Structures are given as C-alpha cells and as structure tokens.
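Asker: First the structure, which I've put down as structure tokens, then a few questions once you've had a look.
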Amino acid sequence: MSEIADPCEEWALKSQTAALVAEVVRREGLNLWQELFPSLVSLSSKGPVQAELVSMMLRWLPEDITVHNEDLEGDRRRLLLRGLTQSLPEILPLLYTLLERHFGEALSEVGRQHLDIAKQHAAAVTATLNAINAYAEWAPLSDLAKFGIIHGCGFLLSSPDFRLHACEFFKLVSPRKRPADDFASEFDSAMSSIFQILMNVSREFLVRSNSAGGAIDESDFEFAEYVCESMVSLGSSNLQCILRDSSTSALYLQQMLGFFQHFKLALHYQSLQFWLALMRDLMSKPKLSVHSSGEGSAASNTDSNSAQVDNEKRKILSFLNDDICSTILDISFQRMLKKERLITGKALSLGALELWSDDFEGKGDFGQYRSRLFELIKFIASNKPLVAGAKVSERIIMIIKNLLNSPMPAEDLAVMESMQVALESVVSSIFDGSNEFAGGSSEVHVALCGIFEGLLRELLSLNWTEPALVEVLGHYLDAMGPFLKYFSDVVGSVINKLFELLNSLPFVVKNPSTSSARHARLQICTSFIRIAKAADKSILPHMKGIADTMVYLQREGRLLRGEHNLLGEAFLVIASAAGVQQQQEVLAWLLEPLSQQWIQIEWQNNYLSEPLGLVRLCSETAFMWSLFHTVTFFEKALKRSGMRKGQSSSTSSSTPHPMASHLSWMLPPLLKLLRAIHSLWSPSVFQVLPGEIKAAMSMSDVERSSLLGVGNPKLSKGALTFIEGSPFDVNKEGYTEPNEADIRNWLKGIRDSGYNVLGLSATIGDPFFKGIDVDSVALALIENIQSMEFRHTRQLVHSVLIPLVKCCPPDMWGVWLEKLLHPLFVHCQQALSCSWFGLLHEGRAKVPDNHGILTGSDLKVEVMEEKLLRDLTREICLLLSTIASPGLNTSLPALEHSGHVGRVDMSSLKDLDAFAPSSMVGFLLKHKSLAIPVLQISLEAFTWTDSEAVTKVCSFSASVVLLAILTNNVDLREFVSRELFSALIRGLALESNAFISADLVNLCREIFIYLCDRDPAPRQILLSLPCITPNDLHAFEEALTKTASPKEQKQHMRSLLLLATGNNLKALAAQKNVNIITNVTARPRGPVNAPGNGIEEGDSVGLAAIL
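Have a look at this one:
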C-alpha cells in the first residue's frame, strides 16, 4: 500500500490493492488485524493519497458482512463480524479524524489556489465517506454517534462537493430497526440527532425552493431527492423517535407535505410513498390478542403493546388535520394526469407542476403510480369523509365550469376524465358500508348528503350532446352509484338522465367517422349495469319505469339489439336484488321475444341442416348478428341469474334456478349452430368454402399477439371492443355487408358465448343433465374433434367440459362422461404426444392450427405453435386434476388417514367397482376405453417440459396411486408399480420439474412403501438404475422400517434416487442450489450446480468488486 500511494497511480489499481489487503486480513483473522492497525494509522497520517488508500482498505474490510461471499461462510463470517465490531472504537475515530482533517485541508488548499493538492484531499474525503457507508448498515448506531460519524456526515451535507456521499450515509441509517435491548435509549438518542439534521437540511431546501429568488439547480434537486428518501425511511421505520415532541412531529409532517406538493415529480413521488405507508398503518385494524391459559403475562404484554400502538396512531391522526388532508387531495387530483394527455393551453393553466411523463425513468409505469394516488385518496376519504367529499365536489364543479366556458370543451376532456376515477374512489370509500357513514352520525349524514346532492345536481343539469362528453358524464353518474344506495330519492333523476343522454345521441351509425356516438351509447347502457350493482335495492322502485322506457324505445325503433341486451342485463341485476320470483318474471319478459325467433325451425333448416348453410347465413348480415345478440344475451341471463352473493344457500337449493325452465328451448338450436361452426374445420367442408370464409377462420392479430406475449391482447369485458383498425363490435347490427373481419368476429363471438352458455347451463344441474339429450351435445361438440385447432379444443375443455365434469351428478356419469370424454381423450392423447415429440426431438411443435396462424416469421410461428401446445396440455391436465378433485371423489380417504401405515392389510382391499359410484377417478379407471388414453396422457405428461401441466397431473396420479393401493385390481396395480413409477423417475430427470419434485418423490414413496410387497416392479426398477447396489436398496428399506413419518420417508426416497442415478435427477439437484448474492470477483466461476467444477478455497483469492 505504501509503494502504490502515488498521486499519479490509477484509481482502479489503488482500489484493487486495498481490496487485496482487506481480503488477506479477512482470511488471516483478528490477530493480523490487530497487528496491522497501528501501521494503517501511521500510513494514513502521511498524506491525502495514503489516507485515501487506508480508507479504501477500511471500506473493503466489512464487505462480506453486508454482501454474501460464497468463500466465507458460517463461523468465519461470525468471527469477522465480531472482530470488526470489537475494532469499531479504533476504526470509527480514525475515519472521523480522516474526514475532519482532509475536508479542512481541501478547503485550505482551495483558498491557496492549490487545486491539484485540494483534489487529493477531496479524494481522501470521498474514500472516507465510502468507508463510513460500508459500516452504516450494521455498526451500532450508538457507536456512530459516540465517535462523531453522524455529526461529521451531517456537517458535510452543507458541502456541494460531498453532500451526496454524506446523504448516502443517512439513507443507510434511517431505516435501521430499533433494538429491543438495553441500547434502545441510545438508539433513540442517535436517531433523534439524525432526524434533526435531516429536518434542518430539508427545511432549508424547501424554503429556498418556495422563495421566488431562491436559485435552485438540478444538483440541488438530486440532493433533495436523497434527503427526502432518507426522511421517508426515517418516518416509515422510526416514527417513535419523531413522535416524542408534538411540535417536532407536526413540523415533520409539514415538511413531508412540502415534498408531496413540490412541483418536482421525483420529490413528490418519494413523499407519496411515506404518506401511503403512514395511512396504511393508521387505517389498519389492530390484530386481536388471544388469551390462552398459562400465558397471562404474554397476553397482557400484547395488550399493553397494542394499547401503545393505538395511542401512537391516535396521536398521529390528531396531527393529520383537515388542512393537511385537503392539500394531499388537491395535489393528488392535479397529478392524476399524464403530461402527454394535456394540450398546451391546459398545461399552462396547471402552472409549473411537473406531471408524470413517459420519459420519467425508474419509477414504474403511470398506472401503478396512479393506483397509489387512488389508494391514498381512499384512505383520506375513509378518515375525513367530509373533507374528501367537499374537495372532490369542489374540483369537479370547477372543471365543469371551465368546460362550459371553453370554446372547444371536447379538447379539455382529459382533466374531466382523470377526475372520474377520483370521484369513484371517494364515493366508494365513504359509502362502502364499513365506516362511520354506515353507523350513522346524523350530522355527517346531512353534510355528506348536501355535498353529493349538490354535485349530482350539477351533473344532471349538463346538456351535453357531444359523444365524448356524454360518455364522460355517464361515467360520472355511475361513479355516484354507492351514494344512490343510501339516498334513493335521487335514483329516478339519474335514470331519467341516462335515458336522456342515450336519446341525445345518433341512433343509426353508418359512417365510421361517427362511431364515437355508437361507443357513447353503449357506455351509457353499461352505466345502467354499474348503477344497478352499486345502488342495490334503491333502484327496485324504478323497475317498471325502466321497463316501460325500454319497451317504448324498442317500439319506436330507437334501441339497438346490443343496447337492449345491456339494458336487459342491468334489469337482471336489479331483479336479483328482489328475489327469485322477480328474477323469473324478468327473465320471462326478456326471453319470450327472443324465443319466438330462436325456436323457429325454418332458419335452422335453412342455415344449419348442412355445412354450406352457414355460408348463406354469413351473407344475411342482419339475421347473422341477430343470432349473435340472442346467444350473448343467453350468456348474460345465465351469469346474472341464480343465487346472489349473501343470499342463503339453503333457500337457493330448494328453489329451482330461474333459468332452468328455459334450457329446453334455448340449447337445442344452439347445439345445432355450434355443430355447424365446428364442421367448417373438417377437411371435406373446408375445401369447398369461399375464400372469405376460409380467411375468416384464421386467427386475428390480437390472438397472434396474445400467443407471442406482446401488447395487451386481453379483450375488454365491456360492451364494445376494437381490434386493430377493424371494429370488433359485439353490438353489431348488420347495416353493412359483412367482411372477413366481421365473419371472424361473429364466429369467435358465437363460439365464446355458446361455450359459456353450455358451461353455465351445466352448473344448473339436473335440468341440464336430465333434460338435454346427451347425443345432441356429443354430436355438436365432439363430432369434429379430430379437425379442431388446439386453441378451440382448449377453449371447449375450459368453458364446457370442465364445468360439465364438475357439475355432473354421479348417477349421470355413465350417461354423459363416456360419450363426451372418450373421443376427447383419445384424440388429445394422440395429438399431444405427436406435438410434444416434434417439439422435444425436432425443435418444433406440430399443431393443427397452421392455417389459423397464417403468416409470420419462422421464429414467431414456432413461438405461437409452442404456446398453443402448452395451453392445450395444461387445460387437459387441469381437466384431469378436476376429475381427481375431492368433491368428485368422496369415497377416497387420505392415504395417511386410511388406517394403514407402511403396509396394507390384504383382507381390506376392495374391488374397483366399490369406489366407482362416488369416485370419478374410480369410475374412469373402471371403464377401460376411458382409462387407457387418460393414463397414457398422465404418463407422458411427466416427460413434457411443462411444470404447470405436471403440477396439475400430479393430483390425478395421486388418486390413481391411492386406488391401486386400496383395491385388488391387478391391472391397475401393475400399471402403477411399473409404468407410473418409471414415469415419475423420468420426470425427476427434468429440471423443469424442480418446483414439483417434492410431490413426485412422495408419489414414488407411496408406490414403493405400499406396493413393493404386492408387486416386484418397484424394486426391479430401482435396481435397474445405474449407480445403485442391492446393499443400498436394503439399507433404504431398513431405514423406512424405522420411521412412520412421511416426511422422513420422503427424505430417504429422495436420497436413494439421487444415489441410484449418480445425482443425475436434475429436478432434485436443482433444489440444492440456493440463490446467493456473490461478490464480484476477478476469477471465473462455473455454474453452481455443475459437478466437479468447484474451486478449492485456497486456489484463488475471492476479491470483492475488483473492476
């Protein structure tokens, strides 16, 4: 170190040398350190370069305490920490001396204009601060205070050259946790000093920043961000040090408020995190303490601690006065806009406020930021409902007045739109039924009623007809929904206003340029649904008025089918609050007009009797979309009917489902329609289709984007969705000739809603399973299963077959399951096996969706194919998991609770038939035609590199193993003992199965323990593994006999499998790796899990952070 102490030497070389010395000291231990320290003190006094080197060395010395080093473990690490802690009374005074000496010298040399020498002293100060920061995270805070470190770093906060490094120290110590030992008072004292230092610095900055003449540059803002970050940490972790003095506490909150309302976004953002953390803590409900016998003192301690926490919370809440909350709301409301959304004139009206911009780096995305603002608004609204109500109302009324006075109000909509969600947050928090409003202080009731009635009057008085303005106004009215629940007098006015807005917009839209009017009409209709949900029973008296208006508009031809569907859905929501009788009446009223067209045999014969009939249907645009709207309304009716949340399940079980009586006429034409659509993909039909229909059968750009994982392909659940430039209008009325996109969207819409209708109908139970012909269902869904694309098969399984399997009554399994599941499993076993073979052995999945994917680069097509394969694989495995679910297998006991430990009494074994009536897995295994493809899928799934699918198939395999153990079925026992046992071990050879490896090992354990005495296969398979001997197996079996603990048995099985395969089971080997943070070192390191790649500890020095 002495030799390299030269001003001309490269900094990197000096750093490496200091790191090398530190490494040697760490390796040699405390004795060398005590011997070396006097020499270091002596060296540091010789000049600034030497002092810099010594500080560098002191900076590297504690590196392994805070940064994990794989070369330094366990006892040696503890010895290093103990040795350094004992040396702090020597190290810290030296660092303070170097800091004071060289800062003073740097100032003196600058005064003498000796700038080169001043730079050397400055470098020594910087190195010393870096060293101090290496101790800041772990050295006792009392030591840092006693030896002047806190004071020294606080002093340097006033130096522009060193303040960022000094502030790093405060950033590290501010979140330090208060010790629970005798040193707590010393900690509090030191933390109070830190608090005062930061308070002084932040006060000075805020005063300068707020004064007109204060010169502030970017470096000042960067420094202020560091200070604010430290203040946030301090307030979040050590609020008890701040609360001691009420005047200081109030001042601290004012300063944090100053940062929150600062025009600089970075400062506001830092402060937001404090206010959010504070409000979360204040509004959290205290945990109930449980008094148990013999723990009275512990319970009383818990109570006293809880009381202390409550007192602290009350104390803080007392500081959060109306002015502070009002300011937070003001700033939050202003900052809910992105800079990019504002036009220039509006941006100027907001003053110098720096709004969120897309180029604001390192703070996440705008959506996350805005959701934090909404959360803060909700907390304040819950705590200060009157303040929040008054503020949000005042701001909205002001924005409305500005819009009314604006020559182009539609251009100023961004501010109005941003406030709608703020209003929703405030209203939902105040009127959510869980705070003081629900209990009911009459004064608060009256005041809040006055505030929101006034705001509602303003909204109802607006006579906007511009589609964009109408849409926003609709959103504002439905944001008031929770208020309407408590103040039913104004519900009628809101409903009348919504109908008024609907009628103000153009009805027939042929020109695409006026599609905004269509969109606005649909949004108004969805507002009815939102208000119906939020207002609950307050809207019941208005049902007849809504119904009469709907009938009038329909009779006048001024209500489109899609709009009628949405209003009908709102009507169903309203009816669900009134009970089953009202639901049935509403459903009859809404569905009867649809049934008159739907059940007519003429259209079914014309369009569905032969495959090319659909081609003719696609040329009848109006009728095509009429059918679409009928099917989608069936879906809405099923979703909105039945038991409402909070209603008694006993009542619902004795009352027939409101839709039960409609299934018999709804489903037969739908099944014919779905069968016709499925037939389009059969080769014989596809060949003769027109080009436009063929093109419509390919994927949309949104579906392709979804498979590639780009963009936001998730379709909106709202009334209208746009895909690319082509409108996917689910409320299409058929005024124009259909094009390729229209036909594609119609096919997709019918499939989506049709499958959902069948799945939802199955949940009704007996009326579906005993009232619908299973052959017609099988014909519609399974007839063309061989021609289905993977995406459609997955959807069929997800939306129809899984609900059907879940809900099918056990006495109907024989009628339904074999007819539907046998063709599915046979086809999927062959298709998945072929596709996975292609992916694993040829590098490309073979999927039948090629003409659906159409064009794209080879790489993109390969990605899409693999995604389609994995999606279907997971869905089929989910179906198997559903079949094995406890509710469908009530006769299967848990193995560890079956009364058998280790071995099964042969006399207790049952026939498989005994389980089949109440176990769907037993039923499936009893029917060989079903069992063979299913068991083959379950075997192959373990070797497909998809851990999600393996996770799902594991539960099915566990049930199969259990039945093999509990029954006397020889075929099943042989399958489990040989094929399944081998497949499990093969699955453990794949690293992708590491996450589920514990379950795979447990299945191996169960098979061996319970079946090895009944079948030789498990022993034979283990002995066939490359690295096992008969003695190893004997020792394993002997170990098993000594424990009845499943956990210990699993560990024995795991160890044996690793031994038997020479550690080549990657799923188990991967579990041995631990995520560690390693020091950056100059030597190359091999992969952690690579056998034989380790480096002996003495082979190379593990240096921290050398270049």
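Heads up: the sequence shown begins at 1 in the UniProt record's numbering, then just goes up one per residue.
In this text, a Cβ means the ideal position worked out from N, Cα and C, and glycines have one as well.
Remember, it's a predicted structure, so these values are computed and weren't measured experimentally.
1. Going by C-alpha distance, which of Ser955, Ala989, Phe1036 is nearest Asp999?
2. Would you mind working out which of Phe981, Phe915, Asp913 sits nearest Leu935, comparing C-alpha positions?
3. Tell me which residue opens and which closes the alpha helix (DSSP H) that Cys954 is part of.
4. Measuring straight from C-alpha to C-alpha, what distance separates Asn496 and Lys636?
5. Exposed or buried, what is Arg112 when buried is set at 16 or more other beta-carbons lying within 10 Å of its beta-carbon?
6. Can you tell me whether Ala18 is helix, strand or coil according to DSSP?
7. With distances taken from CA atoms, which of Phe975, Asn1002, Thr873 is nearest Glu948?
8. With distances taken from CA atoms, which of Leu13, Ser189, Gly887 is nearest Ser142?
9. Among Arg973, Cys228, Gln240, which one has its Cα closest to the Cα of Met256?
10. Does the distance from the CB of Ile380 to the CB of Ala390 come in under 7 Å?
11. Can you grab the Cα-Cα spacing for the pair Leu267 / Glu225, in whole Å?
12. Report the residue from Arg176, Ser202, Ala570 whose alpha carbon sits nearest the alpha carbon of Ser158.
13. Per DSSP, what are the beta-bridge partners of Asn31 in this structure?
14. Pick from Ser698, Leu758, Glu471: whose alpha carbon is nearest that of Thr632?
15. Given Lys714, which residues of its chain have a CB within under 8 Å of its CB, disregarding the five upstream and five downstream residues?
16. Look up Lys910 in the DSSP assignment and give the residues it is bridged to.
17. Specify, as a first and last residue, the run of the alpha helix (DSSP H) that Arg530 falls within.
18. Could you check what DSSP says for Asn321 in three-state terms: helix, strand or coil?
19. DSSP three-state label for Ser919, please.
20. Can you check whether the CB of Asn993 is closer than 7 Å to the CB of Ala1067?
21. By how many angstroms is the C-alpha of Leu99 removed from the C-alpha of Tyr135?
22. Have a look at His662 and Thr945 and give me their C-alpha separation to the nearest angstrom.
23. Helix, strand or coil: how does DSSP classify Asn496 here?
24. Using a threshold of 6 Å, is the CB atom of Ala19 nearer than that to any non-hydrogen atom of the ligand COA?
25. Where does Ala12 fall in DSSP's three states?
26. Which runs of the alpha helix (DSSP H) at least 4 residues long sit entirely within the stretch 429 to 486? Give them in chain order.
27. Looking only at its own chain, which residues have a Cβ that is under 7 Å from the Cβ of Ala517, when we skip the five neighbours before and after it?
28. Quick test of your reading: Ile132 and Ile149, contact by CB under 8 Å. State the CB separation rounded to the nearest angstrom.
29. Reducing DSSP to helix, strand and coil, say where Asn238 ends up.
30. I'd like to know if the stretch 973 to 991 and the stretch 1055 to 1067 are in contact, where contact means that at least 3 CB-CB pairs between them fall below 8 Å.
31. State yes or no: is the C-beta of Lys952 within less than 7 Å of the C-beta of Cys1004?
32. Counting beta carbon pairs with one atom in the stretch 595 to 610 and one in the stretch 558 to 572, are three or more of them shorter than 8 Å?
33. Decide if the stretch 453 to 472 is in contact with the stretch 396 to 403; the criterion is three or more beta carbon pairs, one per stretch, under 8 Å apart.
34. Under 7 Å between the Cβ atoms of Asn889 and Ser908?
35. Can you find the residues in the same chain that come closer than 6 Å, C-beta to C-beta, to Ala122, ignoring five residues on each side of it along the sequence?
36. Exposed or buried, which one is Cys167 when buried takes at least 16 other CB atoms within 10 Å?
Answerer: So, to answer that:
1. The residue given as residue 999 occupies position 999 in the sequence shown. Considering only alpha carbons, the answer is Ser955.
2. Residue numbering aside, residue 935 sits at position 935 when the sequence shown is read from its first letter. It is Phe981 whose Cα lies nearest to the Cα of Leu935.
3. Reading the sequence shown from its first residue, position 954 is the one you call residue 954. Taken as a continuous stretch (DSSP letters only), the alpha helix (DSSP H) holding Cys954 covers 947 to 966.
4. The residue given as residue 496 occupies position 496 in the sequence shown. The residue given as residue 636 occupies position 636 in the sequence shown. Asn496 and Lys636: Cα-Cα distance of roughly 24 Å.
5. Taking the sequence shown and counting its residues from 1, the one referred to as residue 112 is at position 112. It counts as exposed.
6. For the purposes of this step, residue 18 is identified with residue 18 of the sequence shown, where counting begins at 1. Of the three classes helix, strand and coil, the one that applies to Ala18 here is helix, per DSSP.
7. Reading the sequence shown from its first residue, position 948 is the one you call residue 948. Of Phe975, Asn1002, Thr873, the residue nearest in Cα terms is Thr873.
8. Start at 1 with the first residue of the sequence shown, and residue 142 comes out as number 142. Relative to the Cα of Ser142, the nearest Cα in the group Leu13, Ser189, Gly887 belongs to Ser189.
9. In the sequence shown, the residue the question calls residue 256 occupies position 256. Out of Arg973, Cys228, Gln240, Cys228 has the C-alpha closest to the C-alpha of Met256.
10. Against the sequence shown, residue 380 aligns to sequence position 380. Against the sequence shown, residue 390 aligns to sequence position 390. No, the pair does not count as a contact, with Cβ atoms beyond the cut-off.
11. Position 267 of the sequence shown holds residue 267. Position 225 of the sequence shown holds residue 225. One C-alpha to the other measures close to 6 Å.
12. Locating residue 158 in the sequence shown gives position 158, where the first residue counts as 1. The candidate whose alpha carbon is nearest that of Ser158 is Ser202.
13. Stepping through the sequence shown from its first residue, residue 31 is reached at position 31. Its beta-bridge partners do not exist; DSSP assigns none.
14. Working through the sequence shown from its first residue, we reach residue 632 at position 632. When each option's Cα is compared against that of Thr632, the closest is Leu758.
15. As a position in the sequence shown, residue 714 is number 714, starting the count at 1. Caution is warranted here: a pLDDT of 42 is assigned to Lys714, below 50, making its placement in the model unreliable, and no coordinate value can be reported.
16. As a working note, residue 910 is residue 910 in the sequence shown. Lys910 pairs with Thr967.
17. As a first step, residue 530 is located in the sequence shown; it is residue number 530 there, counting from the start. Taken as a continuous stretch (DSSP letters only), the alpha helix (DSSP H) holding Arg530 covers 515 to 535.
18. For the purposes of this step, residue 321 is taken as the residue at position 321 of the sequence shown. For Asn321, the secondary structure class from DSSP, reduced to helix, strand or coil, is coil.
19. Mapped onto the sequence shown, residue 919 falls at position 919. The answer is strand: DSSP assigns Ser919 an E or B state.
20. For the purposes of this step, residue 1067 is taken as the residue at position 1067 of the sequence shown. For the purposes of this step, residue 993 is taken as the residue at position 993 of the sequence shown. Yes. Within cutoff.
21. The count along the sequence shown starts at 1 and reaches residue 135 at position 135. The count along the sequence shown starts at 1 and reaches residue 99 at position 99. Straight through space, the alpha carbons of Leu99 and Tyr135 are spaced by roughly 15 Å.
22. Locating residue 662 in the sequence shown gives position 662, where the first residue counts as 1. Locating residue 945 in the sequence shown gives position 945, where the first residue counts as 1. C-alpha separation (whole angstroms): 45 Å.
23. Taking the first residue of the sequence shown as position 1, residue 496 is located at position 496. DSSP places Asn496 in helix when its eight states are reduced to three.
24. Questions concerning the ligand COA fall outside what the structure shown contains, since it holds no ligand whatsoever.
25. On the sequence shown, residue 12 is found 12 positions in, with the first residue counted as 1. If DSSP states are grouped into helix, strand and coil, Ala12 belongs with the helices.
26. Within the stretch 429 to 486, the complete alpha helix (DSSP H) runs of at least 4 residues are 436 to 439, 442 to 461, 467 to 479, 481 to 486.
27. Translated into positions along the sequence shown, residue 517 becomes position 517. The answer, listed in chain order, is Pro467, Leu505, Pro506, Val509.
28. Reading the sequence shown from its first residue, position 132 is the one you call residue 132. Reading the sequence shown from its first residue, position 149 is the one you call residue 149. About 6 Å; that satisfies the 8 Å criterion.
29. Walking along the sequence shown from the start, residue 238 turns up at place 238. Asn238 falls in the coil class under three-state DSSP.
30. yes
31. For the purposes of this step, residue 952 is taken as the residue at position 952 of the sequence shown. For the purposes of this step, residue 1004 is taken as the residue at position 1004 of the sequence shown. Lys952 places its beta carbon 7 Å or farther from that of Cys1004.
32. no
33. yes
34. Translated into positions along the sequence shown, residue 889 becomes position 889. Translated into positions along the sequence shown, residue 908 becomes position 908. Not in contact: Asn889 and Ser908 (Cβ atoms no closer than 7 Å).
35. Counting from one through the sequence shown, the residue named residue 122 turns up at place 122. Here the set comprises Ala106.
36. Position 167 of the sequence shown, counting from 1, holds the residue named residue 167. So Cys167 ends up on the buried side.
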